Structure formats: C-alpha cells, structure tokens
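Below: one structure, written as structure tokens.
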Amino acid sequence: MFVIENLCDLDKVLNERKSIEFTANTYPINFADMTGLPCRVVAEME
C-alpha cells in the first residue's frame, strides 16, 4: 500500500462526472537508496 501525498488537480478528474468513485493506479519510479519515491498516479474512471 502506498501513501500518496500532494496529489493535485482531482477537481479536473472528477469534473462533470455523475460518480465521484475512481480507481487510482500507482506506478512508482524506483530510485536507489531512497525511503520515499515519486510515483505516477493514473485515475481509472467508469
């Protein structure tokens, strides 16, 4: 499980949607010797 911080523009993802539910897929970018790491987050909408 990932803790996702500083995720922005969710209002644009949910704009004009009937449902506010979505699946967030995370794709971490692996850097050696780091305890935290950036990741790409992709929202999957129905």
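Residues 45 to 90 (the working numbering) are what the sequence shown spells out, left to right.
Built from N, CA and C at the ideal position, the CB exists for glycine as well.
These numbers come from a predicted model, not from an experiment.
{"Item": "Contained beta strand (DSSP E) runs [length at least 3] in the region 65-89, N- to C-terminal order", "Value": "67-72 and 83-88"}
{"Item": "Own chain partners of residue 61 with C-beta closer than 8 Å, once the 5 adjacent residues on each side are dropped", "Value": "89"}
{"Item": "Residues near residue 48 by beta carbon distance below 8 Å, same chain, minus five either side", "Value": "68, 70, 83 and 85"}
{"Item": "Spatial neighbours of residue 75 in its chain, beta-carbon cut-off 6 Å, leaving aside the 5 residues before and after", "Value": "81"}
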